[in-house]
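**Q** Here it is, the structure, as structure tokens.
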Amino acid sequence: MRRRRLRGPSPPDPPKSQRGNAMLNPVVFPEPTLVPVNGVELEVFEAGRENAGRPIVLCHGWPEHAFSWRHQVPVLVAAGYHVIAPNQRGYGNSSRPAEVTDYDIEHLSGDLVALLDHYGYEDATFVGHDWGAFVVWGLTLLHPGRVNKVINLSLPYQARGEKPWVESMEEMFGGDFYFVHFNRQPGVADAVFEDHTFRFLRNLYRKNEPPREPQPGMALIELARAETPLGEPVMSDGELAVLVSAFETSGFTGGINWYRNLDRNWHLLADVDPIIRRPALMIYGDRDAVARGANLAEFVPGVEVVSLDCGHWIQQEKPEETNRVIVEWLERQDAARP
2 MRRRRLRGPS
12 PPDPPKSQRG
22 NAMLNPVVFP
32 EPTLVPVNGV
42 ELEVFEAGRE
52 NAGRPIVLCH
62 GWPEHAFSWR
72 HQVPVLVAAG
82 YHVIAPNQRG
92 YGNSSRPAEV
102 TDYDIEHLSG
112 DLVALLDHYG
122 YEDATFVGHD
132 WGAFVVWGLT
142 LLHPGRVNKV
152 INLSLPYQAR
162 GEKPWVESME
172 EMFGGDFYFV
182 HFNRQPGVAD
192 AVFEDHTFRF
202 LRNLYRKNEP
212 PREPQPGMAL
222 IELARAETPL
232 GEPVMSDGEL
242 AVLVSAFETS
252 GFTGGINWYR
262 NLDRNWHLLA
272 DVDPIIRRPA
282 LMIYGDRDAV
292 ARGANLAEFV
302 PGVEVVSLDC
312 GHWIQQEKPE
322 ETNRVIVEWL
332 ERQDAARP
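Take any residue in the sequence shown, count from 1 to its spot, add 1: that is its number in this note's numbering.
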């Protein structure tokens with residue numbers, strides 16, 4: 002029997018009229034296009050088509066959206082890149098298949114390969130944050146010929162280890178750790194997040210949070226129910242409204258299904274050469290809760306590592322610094338080419 006650590010009803014999210022107006026958002030973001038790829042449709046935000054021939058694909062994490070790259074898109078276009086930022090399957094107005102296994106690394110990386118085919122590119126530079134970084138690492142292992150450079154934020158390369166990932170996490174962190182909870186109690190967290198979409202995202206997208214003692218229960222469920230956020234907001238009310246509106250439409254299950262394929266991915270990657278053989282940049286946040294990769298250089302030879310003074314939402318917390326690091330690294334890579 003599954004044990005559900007649920008409490009009584011909590012106050013509902015405030016009405017939309019009290020949450021800020023998406024139209025107040027000053028960021029100009031490209032209009033999306035629905036692109037058929039790999040048996041699904043992806044909502045793609047594209048800019049810099051005049052720079053055709055220099056593609057760079059931006060891959061968001063969870064619970065994010067292509068909009069998380071809003072500060073990077075114009076800078077990369079100005080640097081001469083054709084920027085392609087998809088909402089990956091399960092997010093925004095992209096397809097949300099019903100089968101959990103449709104969100105494994107073969108499907109997610111296959112979407113990106115098909116996206117390159119759609120635009121007529123043999124390869125591209127791929128940038129990933131959080132779960133997007135996991136997908137970019139996996140894409141580079143499964144389809145190395147389609148990736149020319151790798152830039153990842155927050156999540157370092159994850160070595161397979163001797164046991165499947167969720168099994169290992171359950172032994173180390175217990176059943177309330179969110180990776181484990183998503184897998185062992187399917188649907189429970191999804192429902193709480195959907196009942197409190199605004200509150201969950203408002204409370205999650207924070208920076209400079211004060212230290213606090215660990216609490217019992219599933220931390221993200223408790224976060225979704227908390228009436229008062231901690232720290233400072235990562236984004237404006239208008240920017241948050243864009244994200245809230247997207248998840249009120251899509252729900253959270255598609256994105257959480259990525260977590261529910263973690264052990265399946267462990268098996269799918271068993272026979273793949275585990276070494277990343279492409280130029281790579283890894284950007285960490287000094288105050289990110291995600292652990293750094295102790296063996297990163299072993300699996301990503303020659304990787305360049307940069308740390309910024311921020312938390313998990315790196316490209317949104319420190320947009321100017323992130324842009325500078327990425328553009329300068331790309332320039333050095335171009336200068337080093339024969």
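Every residue, glycine too, gets a C-beta built ideally from N, C-alpha and C.
What's the call for L331, buried or exposed, on a 16-neighbour Cβ count within 10 Å?
**A** Per the 10 Å Cβ criterion, buried.
**Q** Once you ignore the five residues that flank A125 on each side, which residues in its own chain have a CB closer than 8 Å to its CB?
**A** Once the five neighbours on either side are set aside, the close Cβ partners of A125 are P56, I57, V58, I85, L117, R147, V148, N149.
**Q** State the Cα-Cα distance for the pair R325 and V41, rounded to the nearest angstrom.
**A** Taking the straight line joining both Cα atoms gives about 34 Å.
**Q** In whole angstroms, what is the alpha-carbon distance linking R279 and R333?
**A** Cα to Cα, the separation comes out at about 14 Å.
**Q** With distance defined between alpha-carbon atoms, name the residue in Y82, F68, D103 nearest to Y260.
**A** Per the Cα distances, D103.
**Q** What residues match up with Y179 in a beta bridge as DSSP calls it?
**A** DSSP lists no partner for Y179.
**Q** For M173, does the count of other Cβ atoms within 10 angstroms reach 16, so buried, or fall short, so exposed?
**A** Result: exposed.
**Q** Let me know if Q216 comes out buried or exposed under the rule of 16 or more other beta-carbons within 10 Å of its beta-carbon.
**A** With fewer than 16 other Cβ atoms within 10 Å, it is exposed.
**Q** Buried or exposed: where does G286 fall if 16 or more other Cβ atoms within 10 Å of its Cβ makes it buried?
**A** That one is buried.
**Q** Of the residues G81, E240, I277, which one's Cα is nearest the Cα of L140?
**A** That would be I277, whose Cα lies nearest to the Cα of L140.
**Q** Considering only C-alpha positions, which residue in the set H182, A227, Q317, A67 is nearest to A48?
**A** Nearest option by C-alpha distance: A67.
**Q** Whole angstroms are fine: how far does the CA of Q89 sit from the CA of F248?
**A** The alpha-carbon atoms of F248 and Q89 are separated by roughly 13 Å.
**Q** If I follow the unbroken beta strand (DSSP E) through F46, where does it start and stop?
**A** Residues 41 to 48.
**Q** In three-state DSSP terms, what is P234?
**A** In the structure shown, P234 sits in a strand (DSSP, three-state: E or B).
**Q** Tell me which residue opens and which closes the alpha helix (DSSP H) that E100 is part of.
**A** Unbroken run through E100: none, as it is neither H nor E.
**Q** Measuring CA to CA, which of Q159, V273, E318 is closest to A134?
**A** Minimum Cα distance to A134 is reached at Q159.
**Q** Report all residues from its chain with a CB closer than 6 Å to the CB of E171; omit the five preceding and five following residues, and keep chain order.
**A** Counting only Cβ-Cβ distances below 6 Å, and skipping sequence neighbours, we find V181.
**Q** When the Cα atoms are used, what is the spatial distance from E214 to N39?
**A** Taking the straight line joining both Cα atoms gives about 45 Å.
**Q** Considering only residues of the same chain and omitting the five flanking positions on each side of P157, which have a CB-CB separation below 7 Å?
**A** Closer than 7 Å at Cβ, skipping near neighbours: M283, R293, G294, L297.
**Q** How should P64 be labelled, buried or exposed, when 16 other C-beta atoms within 10 angstroms of its C-beta is the threshold for buried?
**A** When all chains shown are included, P64 counts as buried.
**Q** Taking all protein chains shown into account, do 16 or more other C-beta atoms lie within 10 angstroms of the C-beta of A242, making it buried, or fewer, making it exposed?
**A** Counting Cβ neighbours within 10 Å, A242 comes out buried, since at least 16 surround it.
**Q** Tell me whether the beta-carbon of N266 lies closer than 9 Å to the beta-carbon of D105.
**A** Their beta carbons are under 9 Å apart, which means N266 touches D105 by this criterion.
**Q** If you draw a straight line from the alpha carbon of H144 to that of L113, how long is it in whole angstroms?
**A** Each residue's Cα considered, the two are about 10 Å apart.
**Q** Would you list the residues sitting across from N88 in a DSSP beta bridge?
**A** E44.
**Q** Between the C-alpha atoms of G252 and L244, what's the straight-line distance to the nearest angstrom?
**A** Cα to Cα, the separation comes out at about 11 Å.
**Q** Exposed or buried, what is T34 when buried is set at 16 or more other beta-carbons lying within 10 Å of its beta-carbon?
**A** By the neighbour-count rule (16 or more Cβ atoms within 10 Å), T34 is not buried but exposed.
**Q** Given this structure, state the Cα-to-Cα distance separating D95 from E168, to the nearest angstrom.
**A** The sequence given here has Ser at residue 95, not Asp. Rounded to whole angstroms, S95 to E168 spans 30 Å at the Cα level.
**Q** Around the C-beta of D310, are 16 or more other C-beta atoms found within 10 angstroms, so that it is buried, or is it exposed?
**A** Exposed, since its Cβ has fewer than 16 Cβ neighbours within 10 Å.
**Q** Where Y92 and V136 are concerned, what is the direct C-alpha to C-alpha distance, given to the nearest angstrom?
**A** C-alpha separation (whole angstroms): 15 Å.
**Q** Does the count of Cβ pairs from the segment 74 to 83 and the segment 222 to 233 closer than 8 Å reach three?
**A** Segments in contact, no.
**Q** Compare the C-alpha of L263 against each of R71, V101, R203 and name the closest.
**A** Closest option to L263, Cα to Cα, is V101.
**Q** Can you give me the Cβ contacts of L269 inside the same chain, cut-off strictly under 8 Å, excluding the 5 residues immediately before and after it?
**A** So the list reads D105, I106, E107, once near-sequence residues are dropped.
**Q** Is it buried or exposed, G256, if we count other Cβ atoms within 10 angstroms and call 16 or more buried?
**A** Classification for G256: buried.
**Q** What's the C-alpha gap between E329 and W314?
**A** In a straight line, the C-alpha of E329 is about 20 Å away from that of W314.
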